[in-house]
Structure formats: C-alpha cells, structure tokens
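The listed protein sequences derive, respectively, from chains Z and Y.
Going from the first sequence to our numbering is simple: count from 1 and add 135.
Going from the second sequence to our numbering is simple: count from 1 and add 13.
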Amino acid sequence: MSEIRHHVTDAMLAAYAAGSLPHPFAVLVSAHVSMCPDCRAALEAHQAVGGVLLDQAAPVALSGGLKADILSRLDDEFPSEPVYARSGVYPGPIMQTLKGRAPRWKSLGMGVRQDILSENAEGSVRLLYIPPGQAVPDHGHNGLELTLVLQGSFSDETGRFGPGDLEIADEELEHTPVADPGEACICVAATDARLRFRSALPRLLQPFFRI
Amino acid sequence: MNDKTARGLAAVRSMPRKEGDRVQSTPRELSQETVWMLAVRDRRDRMAFAALFDHFAPRLKGFVMRSGTPAEQAEEIVQDVMLKVWRKADLFDPHRAQVSSWIYQIARNRQIDVLRKESRPVPEELAEDPDAEPDAGQILALEQETDHLRRALTGLKPEQREVIEKAYLGELTHQEISDQTGLPLGTVKSRIRIGLDRLRKELKDLQP
Ligand SMILES: [Zn+2]
Numbered sequence: 136m137s138e139i140r141h142h143v144t145d146a147m148l149a150a151y152a153a154g155s156l157p158h159p160f161a162v163l164v165s166a167h168v169s170m171c172p173d174c175r176a177a178l179e180a181h182q183a184v185g186g187v188l189l190d191q192a193a194p195v196a197l198s199g200g201l202k203a204d205i206l207s208r209l210d211d212e213f214p215s216e217p218v219y220a221r222s223g224v225y226p227g228p229i230m231q232t233l234k235g236r237a238p239r240w241k242s243l244g245m246g247v248r249q250d251i252l253s254e255n256a257e258g259s260v261r262l263l264y265i266p267p268g269q270a271v272p273d274h275g276h277n278g279l280e281l282t283l284v285l286q287g288s289f290s291d292e293t294g295r296f297g298p299g300d301l302e303i304a305d306e307e308l309e310h311t312p313v314a315d316p317g318e319a320c321i322c323v324a325a326t327d328a329r330l331r332f333r334s335a336l337p338r339l340l341q342p343f344f345r346i
Numbered sequence: 014m015n016d017k018t019a020r021g022l023a024a025v026r027s028m029p030r031k032e033g034d035r036v037q038s039t040p041r042e043l044s045q046e047t048v049w050m051l052a053v054r055d056r057r058d059r060m061a062f063a064a065l066f067d068h069f070a071p072r073l074k075g076f077v078m079r080s081g082t083p084a085e086q087a088e089e090i091v092q093d094v095m096l097k098v099w100r101k102a103d104l105f106d107p108h109r110a111q112v113s114s115w116i117y118q119i120a121r122n123r124q125i126d127v128l129r130k131e132s133r134p135v136p137e138e139l140a141e142d143p144d145a146e147p148d149a150g151q152i153l154a155l156e157q158e159t160d161h162l163r164r165a166l167t168g169l170k171p172e173q174r175e176v177i178e179k180a181y182l183g184e185l186t187h188q189e190i191s192d193q194t195g196l197p198l199g200t201v202k203s204r205i206r207i208g209l210d211r212l213r214k215e216l217k218d219l220q221p
C-alpha cells in the first residue's frame, strides 16, 4: 500500500476514543485507523489517557451480590458477536456498516455508482464508484464531509488522495474532485447531521490539544 | 501461564536494575494489573480475574456514573464490561495497551452501544503472529510511558483536569471542545508523543 498522506485530526481521534464523534464519522475514522498504523498509534495514545483517568477514578461501592454474580457467570455460554474482517478493498468497519453484504450499486449516470449505507438524523455514509476521469458527485454538503479512498485515487485543488487517504472538507472548501486515470476510484463519504453541527463542526478541525 | 508469557516475564524480571535509581523512577517490573490480566488471558485464572474486578469494577462504576448514568444502569455496564474482559481476554495485548486503556475502550464502546442500540464501528484487530515472542522491553516501555502520562495528568490543576475528564467521558460538545483553548497540555502531549513514536515504529514493523 502506498504511503498515506492525509490523516485523521487529533481532535477527531480523541472524540472517537471518547465516543463523542457522530456515527458516520466514527465509521470513517475506524476504517482509516484500520488502514493506517500512524493513526492507530495516535488513537491508542488517546485511549491510554482514558485508561489513566479510569484508573484514577474515585471508586463507588458496588451492590452486595454483584461480584459473586459475575464470578458465577464466567462459564456461561455467550452469543459470539460477528467480527467483520476486511473483504477486498473494504476494511472491517465498512464491512460492518454493510452488515457483511456486497455493495449494491445504483447508477448515478456517466458510469458513477453509489450505495447509501446509512442515512438518518445522524448523517449519511455512502460508497461511491467513480470511473477514471469522472468527477466525484457533489453531495451538497452544508457541514463537514469526510471522504476515505479505498481504491484508486482522486485529485482536487487541495491535492491527490489515494487508498487510505482521508479528505476533510468543510462547507467553505470549493473543490472539484476528479478520479485519476487508471483504476476506478472507490471511496466512502460521510456527512453529519447538517443542522445540528453546522456552525460548530469546522472548528472541530482545530486541534483539541495545543501543541 | 503459557510458555510465551513465561519467557516474556522471565525476561522482564531479569532486566538489569540500575543501582541508585530514585524510588520515583519508572517501573522496572510489570504492573500488578498487567500480571493479573496476563494470568486471565493465558491461564483463565479466576483469582486474578477477581483481583481485577476488585480493582476496576468500583472505579468503572464511578467513571460511568460521572457521565450521568444512574447507579443501577452503571452497574449493568460494569457487569457487561467485566464479563467482556473475561471473554475477550485473548485480545489483550500488553505491547500495545495497558489494562486500564483496554478496559476504558471496552467501557466506552459498551456505553455507546447501549445508547445507540447497535454496535459501534471499531477498527480491525491487528493480526498478531501467534509465534511472536513477547517483547518485555516494549511492554515495560509502554508501562513507563503510561506512568509519565499518569504523573502529567496528576499535576494538572483541578479545573484543567475536569476538562480532560469530561472530554474522555464523551461529555463535551463540539463547541466546548473547540472552545477549550490555552490548556497547558504540552507536557501531556509530549509524553503521549514519545509513546506514539515508539508505538508507531513497532506497528510499522507489524505491517506486511
Ligand atoms: Zn492516518
């Protein structure tokens, strides 16, 4: 895999670790982390901060029977949770969002195809398939939009994005991403709930920690 | 304890200890929590699990309640998390996470799953080479790094500490996160970074 150049911001990694990132973004952050050792290491550092805070938390007494109850349940059968592994160009968290199925492409014309994986009050997650030389369709985003490349690449005014690269675009970014020659570009795009985060989100890009 | 861990621990114990080190210096031995967790992972040791429970369960309850969860529901989360610690022990990797970080992430995932009623997306697990020898140096280095982090966090003023706690409990809104300026987190950050650099190199080595 070629070098990943465009990464998740520290603020987003911290928010992901803490669980406060909107679901569509959590899908893309966990997919990028699956592909990027640098961001995995950074995420694990944030988790270490959380761990220290947990370790130092003031203990609160438990109900009397809780410990005995848990110890008695150690041998219980338990349902195994599905583990989604990478399949082809789709990392585990994307397979999880697909619920293990193959993409169901719908044509948008000019050879461009999409599969909407989720779309609700929290925002949307969609897969896009863009033939070489075609423009990535405009989703009319008002807030923040993340795009993670899974195969091929696209370029716009801000640079070139290949497999594993994450583009973070806010509403102020005027750009026209076009799939590069060669392999078709497959990417996954996430938007958040527009109204709720509209004004606040671009500022999320600011680093959470001042360095 | 399996051979792999036994060898790793023996290596840790035999690591040279410099004379004249200050007591406050970094740890030279695996933390008690790590030893318990490895005993659970490798030997399904119930006593060690009970010890982990005694240490973490009351803290977990306090931690979960701090994010506004009522006591009864907090205990349900504590149960789920501690059972997961037992059932998923094979996923614990002391080269990459302290027991507390690992349990923190299980707890956050659980709290979000309860809220959302569906599984939160999580990164793929790194495939571990089953024949890989435990690297005592790496395990200890991570413990030492966490110790630095712990001291840096302990040194914060109460208000600053409050902000950090809220953030890692998922309590801050985006606006609040972006409004937190001027936090003197340089120390914490540089500590994390040292750890990151090392982790990053190790993880790169794992890449095919
Ligand atoms: Zn990255």
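Cβ atoms here follow ideal geometry from the backbone N, Cα and C, with glycine treated the same way.
Local Cβ density within 10 Å of residue i, reported as buried at 16 or more and exposed below that
| i | result |
| --- | --- |
| Y/Trp49 | buried |
| Y/Met78 | buried |
| Y/Leu128 | exposed |
| Y/Glu156 | buried |
| Z/Val218 | exposed |
| Z/Arg261 | buried |
| Y/Lys74 | buried |
| Y/Arg35 | Note that Y/Arg35 scores a pLDDT of 39, beneath 50, so its modelled location is shaky; the value from the coordinates is reported in the next line. Y/Arg35 should be labelled exposed. |
| Z/Tyr151 | buried |
| Z/Gly268 | exposed |
| Z/Ser207 | exposed |
Beta strand (DSSP E) segment containing residue i, residue limits
| i | result |
| --- | --- |
| Z/Ile265 | Gly258 to Ile265 |
| Y/Phe3 | Nothing about residue 3 of chain Y can be read from this structure; chain Y reaches only from 14 to 221. |
| Z/Ile251 | Val247 to Asn255 |
| Z/Leu197 | Taken as a continuous stretch (DSSP letters only), Z/Leu197 belongs to no beta strand (DSSP E), as it is neither H nor E. |
| Z/Ile303 | Leu301 to Ala304 |
| Z/Leu281 | Glu280 to Gln286 |
| Z/Gly294 | Gly294 to Phe296 |
| Z/Asp291 | Phe289 to Asp291 |
Check whether residue i and residue j have beta carbons under 8 angstroms apart
| i | j | result |
| --- | --- | --- |
| Z/Ser169 | Y/Glu131 | no |
| Y/Glu184 | Y/Ser80 | yes |
| Z/Leu252 | Z/Leu281 | no |
| Z/Gly299 | Z/His167 | yes |
| Y/Ala102 | Y/Arg54 | yes |
| Z/Leu308 | Z/Pro272 | no |
| Z/Tyr264 | Z/Val247 | yes |
| Z/Pro228 | Z/Ser165 | yes |
| Y/Ser113 | Z/Gly186 | yes |
| Y/Pro134 | Z/Thr232 | yes |
| Z/Val184 | Y/Leu162 | yes |
| Z/Phe278 | Z/Glu318 | Strictly speaking, residue 278 of chain Z in this sequence is Gly, with Phe absent from that position. For Z/Gly278 and Z/Glu318, no; Cβs fall outside 8 angstroms. |
| Y/Ile6 | Y/Val94 | Chain Y is shown only over 14 to 221; residue 6 of chain Y falls outside these bounds and no answer can be derived. |
| Z/Pro194 | Z/Asp327 | no |
| Y/Glu227 | Z/Leu201 | What the structure shows of chain Y is the stretch from 14 to 221, and residue 227 of chain Y is not part of that stretch, so it cannot be assessed. |
| Y/Arg109 | Z/Glu179 | yes |
| Z/Val313 | Z/Ala270 | yes |
| Y/Phe66 | Z/Ile205 | yes |
| Z/Ala203 | Y/Ala180 | no |
Residue i in three-state terms, based on DSSP
| i | result |
| --- | --- |
| Y/Ser113 | helix |
| Y/Asp93 | helix |
| Z/Gln243 | One point to set straight first is that residue 243 of chain Z is Leu, not Gln, in the sequence displayed. Note: Z/Leu243 maps to strand in three-state DSSP. |
| Z/Ile205 | helix |
| Y/Leu196 | Summary for Y/Leu196: the model assigns pLDDT 42, below 50, so the residue's position carries little reliability, and this model does not support an answer. |
| Y/Phe62 | helix |
| Y/Ser132 | coil |
| Z/Ala335 | Below a pLDDT of 50, predicted positions are generally treated as unreliable, and Z/Ala335, at 38, falls in that range; the measurement from the model is reported next regardless. Z/Ala335: coil per DSSP, three-state reduction. |
| Z/Thr326 | strand |
| Y/Val127 | helix |
| Z/Val313 | strand |
| Z/Ile321 | strand |
| Z/Ala177 | helix |
| Z/Ala270 | strand |
Ligand 1 heavy atom lying under 7 angstroms from the CB of residue i
| i | result |
| --- | --- |
| Z/Ile139 | yes |
| Z/Cys322 | no |
| Z/Asp291 | no |
| Z/Val284 | no |
| Z/His142 | yes |
| Y/His68 | no |
| Z/His167 | yes |
| Y/Asp55 | no |
| Z/Asp173 | yes |
Alpha helix (DSSP H) segment containing residue i, residue limits
| i | result |
| --- | --- |
| Y/Lys179 | Pro171 to Tyr181 |
| Z/Ala146 | Asp145 to Ala153 |
| Y/Leu51 | Gln45 to Arg56 |
| Z/Val162 | His158 to Met170 |
| Y/Ala165 | Ala149 to Thr167 |
| Z/Pro228 | Gly227 to Thr232 |
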